[in-house]
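Participant:
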Amino acid sequence: MCWKRLTGVHRYKYSMRNFTTLEWGLIVVCTLQLFSGISLLVVNSILVAVEDVLIWGYYRSESIFGKSPEYNYTLVTCALYVLGLTLFCCGAFGLCGILMWRYRGTFIILYIFSALVSLSCIGVVLYVIFDVVGHQMNRIEGYEREYSTIVFNGPHEDQEKRGYLYDEKKRQHFDQVQRDIRCCGYISPMDWLQRSPTGYIPPSCCRFTEDETGKCRHLGVRLDGVTNATQLSLAEAWDEGCFVKLEEREHTVNVLAYIFYGCITSAGIILQLIGLILAVLYKLTNFSVIMRPTYSTHL
């Protein structure tokens, strides 16, 4: 009985093995990859669920310039999903390759393959990031042309060059922009009075909420011959112009996008490269152990 217990303890101790420094390093990296993949999948799902997320600087009333926001958003979303999935697979395959000793070769090969795929996904994400953020500059130029035409132009044979008073669609669009963004004019409210043929500050520049619009009307003067036009005073209008405010916001969003995604992709690249190096060394070490000749002591 005592001999069996001792034998069992001996077998238990024999079955246990100590992890090498290389294995511990790979365990740490794989654990980070596993949880990073899960976190990325969860965060990306939350961003998809929140339709009004402004991480790209796209806004519903401003999607008339350049590429479709939905196209860029879908492409980046898919790339982040694949990246999160490959990170999760890297962590799972790496841990299985270390803990499941008999199948270590297969799992390490799968780990290396997943790591290479994840690096490709990071490259796709970086390409889209730089393409989208760089495209924002074209959007700013589009705002500049669009808003200057609306505010400063008068009647024109070409409908695209008509100003605020002479194009109903442009007037409705710019009124909505001024309400949503809380701005007035191109650079300042003075544009409506000094440089625009409109000659008055539109009611959409009112700085009060819809329930308090009456506060903007008691100082205004009714204009003869202009339908639904009540002149506002400068005290009742927003201080900032629409182009100035949009330009500032676009630059802010671009900087945040560079920092946010730059940190994510940089950390992902470093983590994957370290994991690849450790996995290759681990594979070569196991291969050398397997191919090492053994000598029997029994004659």
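Residue numbers (the numbering used here): 727 to 1025. All C-beta atoms in this analysis are idealised placements derived from N, C-alpha and C, irrespective of residue type, glycine included. All of these numbers come straight from a predicted model, not from anything done at the bench.
If you drop the 5 nearest sequence neighbours on each side, which residues of the same chain put their C-beta closer than 7 Å to that of T1011?
Facilitator: Taking the first residue of the sequence shown as position 1, residue 1011 is located at position 285. Within the same chain, T1011 has close Cβ partners L748.
Participant: Report yes if the CB atom of Q759 is closer than 9 Å to the CB atom of L845, and no otherwise.
Facilitator: On the sequence shown, position 33 is the one that residue 759 refers to. On the sequence shown, position 119 is the one that residue 845 refers to. No, the pair does not count as a contact, with Cβ atoms beyond the cut-off.
Participant: Checking 9 Å against the spacing of the C-beta atoms, do C932 and G911 come in under that value?
Facilitator: Position 206 of the sequence shown, counted from the start, is the residue given in the question as residue 932. Position 185 of the sequence shown, counted from the start, is the residue given in the question as residue 911. Not in contact: C932 and G911 (Cβ atoms no closer than 9 Å).
Participant: Take L806 and list the residues in its own chain whose beta-carbon comes closer than 6 Å to its own, dropping the five residues that flank it on each side.
Facilitator: Here residue 806 refers to the residue found at position 80 of the sequence shown. The answer, listed in chain order, is N770.
Participant: According to the Cβ coordinates, are R865 and E976 closer than 9 Å?
Facilitator: In the sequence shown, counting from the first residue as 1, residue 865 sits at position 139. In the sequence shown, counting from the first residue as 1, residue 976 sits at position 250. It is a contact, given that the beta carbons lie within the stated cut-off.
Participant: Is the CB-CB distance between K896 and T875 below 9 Å?
Facilitator: Against the sequence shown, residue 896 aligns to sequence position 170. Against the sequence shown, residue 875 aligns to sequence position 149. Contact flag set, yes.
Participant: Using three-state DSSP, classify C910 as helix, strand or coil.
Facilitator: As a working note, residue 910 is residue 184 in the sequence shown. Correct three-state label for C910: coil.
Participant: Is it true that the CB of P915 sits closer than 9 Å to the CB of L982?
Facilitator: Looking up residue 982 in the sequence shown gives position 256. Looking up residue 915 in the sequence shown gives position 189. The answer is no: Cβ separation not under 9 Å.
Participant: Give the DSSP-derived three-state secondary structure of I781 in the structure shown.
Facilitator: One-based indexing of the sequence shown puts residue 781 at position 55. Bear in mind that a pLDDT of 43 at I781, under 50, signals an unreliable position, so the model cannot answer this.
Participant: Run through the DSSP bridge pairs and tell me what A963 is partnered with.
Facilitator: As a position in the sequence shown, residue 963 is number 237, starting the count at 1. In DSSP, A963 forms a bridge with C932.
Participant: Assign P928 to one of two classes, buried (16 or more other C-beta atoms within 10 Å of its C-beta) or exposed (fewer than that).
Facilitator: Here residue 928 refers to the residue found at position 202 when the sequence shown is read from its first residue. Classification for P928: buried.
Participant: In the DSSP assignment, the alpha helix (DSSP H) including L919 goes from what residue to what residue?
Facilitator: Here residue 919 is taken as the residue at index 193 of the sequence shown, counted from 1. M916 to Q920 is the span of the alpha helix (DSSP H), which, as asked, contains L919.
Participant: When you compare the CB positions of F819 and C756, do they come within less than 9 Å of one another, or not?
Facilitator: As a working mapping, residue 819 is identified with position 93 in the sequence shown. As a working mapping, residue 756 is identified with position 30 in the sequence shown. Contact flag set, yes.
Participant: Taking DSSP as the reference, what is the three-state secondary structure of T747?
Facilitator: Taking the first residue of the sequence shown as 1, we reach residue 747 at position 21. T747 falls in the helix class under three-state DSSP.
Participant: Since I believe L766 is in contact with L809 (beta carbons under 8 Å), could you give me their beta-carbon distance rounded to a whole number of angstroms?
Facilitator: Along the sequence shown, read from residue 1 onward, the residue named residue 809 stands at position 83. Along the sequence shown, read from residue 1 onward, the residue named residue 766 stands at position 40. Right, the Cβ-Cβ distance comes to about 6 Å (below 8 Å), so this counts as a contact.
Participant: According to the Cβ coordinates, are G763 and G817 closer than 9 Å?
Facilitator: For this step, residue 763 is matched to residue 37 along the sequence shown. For this step, residue 817 is matched to residue 91 along the sequence shown. G763 places its beta carbon less than 9 Å from that of G817.
Participant: Give me the Cα-Cα distance between K971 and I848, rounded to the nearest whole angstrom.
Facilitator: Against the sequence shown, residue 971 aligns to sequence position 245. Against the sequence shown, residue 848 aligns to sequence position 122. Cα to Cα, the separation comes out at about 33 Å.
Participant: Determine the contact status of S922 and Y890, defining contact as a CB-CB distance below 9 Å.
Facilitator: Residue numbering aside, residue 922 sits at position 196 when the sequence shown is read from its first letter. Residue numbering aside, residue 890 sits at position 164 when the sequence shown is read from its first letter. Closer than 9 Å, so yes.
Participant: Name the residue from W964, G1001 and V854 whose alpha carbon lies nearest to the alpha carbon of V903.
Facilitator: One-based indexing of the sequence shown puts residue 903 at position 177. Among W964, G1001 and V854, the Cα nearest to that of V903 is on W964.
Participant: Under 8 Å by Cβ, that's how I've got R871 and N879 pegged, so tell me the actual separation to the nearest angstrom.
Facilitator: Indexing the sequence shown from 1 puts residue 871 at position 145. Indexing the sequence shown from 1 puts residue 879 at position 153. With a Cβ gap of about 11 Å, R871 and N879 do not count as contacting.
Participant: Among residues of its own chain, excluding the 5 on either side of T852, which ones have a beta-carbon nearer than 6 Å to its beta-carbon?
Facilitator: What you label residue 852 is simply residue 126 of the sequence shown in a count that begins at 1. Correcting the residue type first, residue 852 is Leu in the shown sequence and not Thr. For L852, where only same-chain residues beyond five positions count, the Cβ hits under 6 Å are T991.
Participant: Suppose contacts are defined by Cβ-Cβ distances below 9 Å. Is E966 in contact with C909 by that definition?
Facilitator: Position 240 of the sequence shown, counting from 1, holds the residue named residue 966. Position 183 of the sequence shown, counting from 1, holds the residue named residue 909. In contact: E966 and C909 (Cβ atoms closer than 9 Å).
Participant: If we count the other Cβ atoms within 10 Å of its Cβ and call it buried at 16 or more, is L989 buried or exposed?
Facilitator: Counted from its first residue, the sequence shown places residue 989 at position 263. The amino acid occupying residue 989 in the given sequence is Cys; Leu does not appear at that position. Exposed.
Participant: Would you report the Cα separation of F833 and W750, rounded to the nearest angstrom?
Facilitator: The residue given as residue 833 occupies position 107 in the sequence shown. The residue given as residue 750 occupies position 24 in the sequence shown. Our two residues, F833 and W750, have alpha carbons roughly 16 Å apart in a direct line.
Participant: Tell me the rounded alpha-carbon separation between L773 and L919.
Facilitator: Here residue 773 refers to the residue found at position 47 when the sequence shown is read from its first residue. Here residue 919 refers to the residue found at position 193 when the sequence shown is read from its first residue. Roughly 43 Å between the two C-alpha positions.
Participant: Going by Cα to Cα distance, which pick from Y829, H899 and V843 is closest to Y873?
Facilitator: Numbered from 1 along the sequence shown, position 147 holds the residue referred to as residue 873. Measuring from the Cα of Y873, the nearest candidate turns out to be H899.
Participant: Have a look at K793 and V854 and give me their C-alpha separation to the nearest angstrom.
Facilitator: Translated into the one-based positions of the sequence shown, residue 793 becomes position 67. Translated into the one-based positions of the sequence shown, residue 854 becomes position 128. Note that K793 scores a pLDDT of 47, beneath 50, so its modelled location is shaky and nothing firm can be said.
Participant: I996: which of G823, C822, L842 and T746 sits nearest, CA to CA?
Facilitator: Start at 1 with the first residue of the sequence shown, and residue 996 comes out as number 270. For I996, the nearest C-alpha among the options comes from L842.
Participant: Please report the straight-line C-alpha distance between I753 and T746, rounded to a whole angstrom.
Facilitator: Position 27 of the sequence shown holds residue 753. Position 20 of the sequence shown holds residue 746. Their Cα atoms are separated by approximately 10 Å.
Participant: So is E962 buried or exposed if we call it buried at 16+ other beta carbons inside 10 Å?
Facilitator: By 1-based counting over the sequence shown, the position of residue 962 is 236. Answer is buried; the Cβ neighbour count reaches 16.
Participant: For C968, tell me which candidate among T803, C815 and I913 has the shortest Cα-Cα distance.
Facilitator: The residue you call residue 968 lines up with position 242 of the sequence shown. Selected option, being the one with the closest Cα: I913.
Participant: Grouping DSSP H, G and I as helix and E and B as strand, with all else coil, what is L958?
Facilitator: Counting from 1 along the sequence shown, the entry for residue 958 is found at position 232. In this structure, L958 counts as coil in the three-state DSSP scheme.
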